[in-house]
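Please read the structure below before turning to the comments.
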């Protein structure tokens, strides 16, 4: 259901106009902050937040009667409103089944609806009173900035009570003092501040307010020894926020950050202002969020120090796995390689000897790059083999990664790699995997083509060239390849020459000697890269553990799915075989010369069953018999399944997912001090630069970004404002 439809249903129920009402809800586990639903995305987000519940409570407001302070945010954002603790909802017993399809796969219903009355001492509302739908008036919600401040800070007014009050430690006393100052709207400054005593006075000149606390002997307890609670300054008129440092902000938002990980700093600024009446700046909100994230997720710096213990625990929990790291001369982190036994066993027992190599940048505090090796299972699904976290993508790091991969793979079959053609990978693959084949990633090839020939082609010309280049790559015969390349030659001789010099034998089906099963791009492992992208802001040990959990979940899910299969081949391969079988009706067998059979259709092809070959080359390229082979197999009374690659069978699929990945114990627990595994690993020197992190997208290259074209000189790559030919008139 769309938001407008949902809002119309609610408006009709209470006889309201659409413009007069506003709908809000609480985040799960949060009874303080109401979120406004103002568009389809907000409605979907609400249902997503409540996936674990069978109901959602929503609140209906009459906007004309709401004071302006309730929300001053633009409608395009999910607004947040603080619900006063004095407001008691009136429960209306009505199930709203019409929102069952807010999200197609979600069986949620939103119930009940609350009308929020303005409650005062003279008009108490019975919160248990059930009001029928026909007589359910919606009452106004009044609010003010003072009420909001009181609501958020009222609970802190008595955090400091006077002389004799005790606190567990000095940090607890400081936090309580800060909350007390915010609640009473005054600023203070430290006269003494150390681990065993704290003396504080009001920041206002001449104000006698003062407090002194010190540690009780032989304990960590802090006790208030002296306090003058008199204020002669006008603290309440001062702007708030003096004592709201980043640590206080972290404490305030930590619980909300658990539920709402993408909590934006500007929303934090607004929420702190609305809920506590405290003004903070964007930087305080951002730093507070970073501190809260570190408290929830663990320290980035400490995670590097735990790497030796973490790697040892990983290999103990998963025998046959490899987890190893290297450091630089100054003991700073350099590289980490991880490959689980379940991944190695699955690849060697059930996957084709085909590996995709690619990388993605990490957005963590210390940046870095994730290198990954993924494979294709029998159903053409992504299967992770190994991955590494390195300081940067370089020839040396790729060489090191492939050396570790070689050490854990015991297969004797030649492996086909699909990867970029940069010299580092090209040379390393040839050197380390001597009998292997390197198929160039077509996506990177196209990017480099247009980068080298920058500015020569329009958007439409690029589209045509990409179509022809893909057709040339997939062409099974040299003559078909040449026909496609000749079409590019007509468009651009420069592009034609570049393509012919790019080693077509490494990317064109008609010349490639390895078996890449028509997989042309190295971003086949996009599912795995998305896991890393979702976890790359975590400390390094947590990120690896999240990826481990995702691999385990993948194994369990696909293993359960395959238990339901009754076919000899996997579902996707059954579909391919079915598609080829449907093409056999118009084919005719002409001559047979031993095992070679001539088949005529739109073209005439020769089929050799003993060598599993057809002159159309489709059988050799895909591993599934082509239509010409199927008609010959059927004519001999044989089973077509006997001529399908074993890598496409349900049996191989189940072997791929036959092993489990075990949890890693004590991910956050540091090793004992007397442990021999304690090695000082420090974070890498690189730090996240200012600004928005760059992203590496894996979208199809069929659509190339349109270049700017100047309306003054008609040149590409700039517009009229940056044009150098200022004297030319505008067209």
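Residue numbers (this note's numbering): 10 to 740.
Backbone N, C-alpha and C define an ideal beta-carbon position, used for all residues, glycine too.
None of these values were measured; they are calculated from a predicted model.
Do the segment 520 to 535 and the segment 628 to 644 make contact, defined as three or more Cβ pairs closer than 8 Å?
yes
The alpha helix (DSSP H) enclosing residue 255, as first and last residue numbers
255 to 268
So residue 235 is in the beta strand (DSSP E); what residue range does that whole segment cover?
Per DSSP, residue 235 is one residue of the beta strand (DSSP E) stretching across 231 to 237.
Secondary structure of residue 704, DSSP reduced to three states:
Caution is warranted here: a pLDDT of 47 is assigned to residue 704, below 50, making its placement in the model unreliable, and the coordinate value is therefore given only provisionally. The answer is coil: DSSP assigns residue 704 none of H, G, I, E or B.
Less than 6 Å between C-beta atoms, sequence neighbours within five positions excluded: which residues of the same chain meet that for residue 395?
348, 382, 414
If I follow the unbroken beta strand (DSSP E) through residue 393, where does it start and stop?
391 to 399
Tell me the rounded alpha-carbon separation between residue 335 and residue 320.
12 Å
Give the secondary structure of residue 303 by DSSP, where H, G and I count as helix, E and B as strand, and everything else as coil.
helix
From which residue to which residue does the alpha helix (DSSP H) around residue 361 run?
Counting along the chain, residue 361 falls outside any alpha helix (DSSP H), and DSSP gives it neither H nor E.
What residue does the beta strand (DSSP E) around residue 68 start on, and which one ends it?
Unbroken beta strand (DSSP E) run through residue 68: 64 to 71.
Cβ neighbour criterion (16 or more within 10 Å) applied to residue 545
buried
Residue ranges of each alpha helix (DSSP H) run of no fewer than 4 residues wholly in the segment 438 to 497, ordered along the chain?
451 to 461, 468 to 483
Which residues in the same chain as residue 585 place their Cβ atom closer than 8 Å to its Cβ, once the five residues preceding and following it in sequence are excluded?
Closer than 8 Å at the Cβ level, and outside the excluded window around residue 585, lie 631, 633.
Compare the C-alpha of residue 592 against each of 637, 532, 58 and name the closest.
637
So residue 409 and residue 433 are supposed to be a Cβ contact under 8 Å. How far apart are they, rounded?
About 11 Å separates the two Cβ atoms, so there is no contact after all.
Top-ranked residue by Cα proximity to residue 576, from 663, 543, 515, 555:
663
By the 10 Å Cβ neighbour count, where 16 or more other Cβ atoms means buried, how is residue 357 classified, buried or exposed?
buried
Helix, strand or coil: how does DSSP classify residue 30 here?
strand
Would you call the CB atoms of residue 27 and residue 69 closer than 9 Å?
no
Evaluate residue 589 with the Cβ neighbour count: other Cβ atoms within 10 Å of its Cβ, from every protein chain shown; 16 or more gives buried, anything less gives exposed.
buried
Where does residue 612 sit, in a helix, a strand or coil, going by DSSP?
coil
One question on the structure: do residue 186 and residue 207 come within less than 9 Å of each other, judged by their Cβ atoms?
yes
Are the CB atoms of residue 511 and residue 490 nearer to each other than 9 Å?
no
Using 8 Å for Cβ pairs, my map puts residue 391 next to residue 560. What's the rounded Cβ distance?
Actually they do not touch by this definition, with Cβ atoms about 11 Å apart.
Can you tell me whether residue 579 is buried or exposed, with buried defined as 16 or more other CB within 10 angstroms of its CB?
buried
What's the gap between the Cα of residue 36 and the Cα of residue 438?
Spanning the two alpha carbons is a distance of roughly 51 Å.
Complete alpha helix (DSSP H) runs within the segment 306 to 356 (minimum length 4 residues, chain order)
As far as the segment 306 to 356 is concerned, its whole alpha helix (DSSP H) runs of at least 4 residues are 309 to 314, 316 to 326.
Chain-order list of residues whose beta-carbon lies under 8 Å from that of residue 659 (same chain, five-residue window excluded):
387, 571, 574, 576, 577, 578, 579
Between which two residues does the beta strand (DSSP E) holding residue 202 run?
197 to 202
Could you compute how far the alpha carbon of residue 315 sits from the alpha carbon of residue 541?
Taken atom to atom, the span from the alpha-carbon of residue 315 to that of residue 541 is near 20 Å.
Since I believe residue 448 is in contact with residue 516 (beta carbons under 8 Å), could you give me their beta-carbon distance rounded to a whole number of angstroms?
6 Å
Boundaries (first-last residue) of the beta strand (DSSP E) holding residue 190:
Run containing residue 190: none in the beta strand (DSSP E); it sits in the alpha helix (DSSP H), 179 to 193.
Indicate whether the contact test is met: 3 or more Cβ pairs, each with one atom in the segment 265 to 278 and one in the segment 288 to 298, closer than 8 Å.
yes
What residue does the alpha helix (DSSP H) around residue 50 start on, and which one ends it?
Counting along the chain, the unbroken alpha helix (DSSP H) around residue 50 starts and ends at 49 to 58.
For the pair the segment 474 to 487 and the segment 547 to 564, tell me if three or more CB-CB distances fall below 8 Å.
no
Indicate whether residue 673 and residue 557 have their beta-carbon atoms separated by less than 9 Å.
yes
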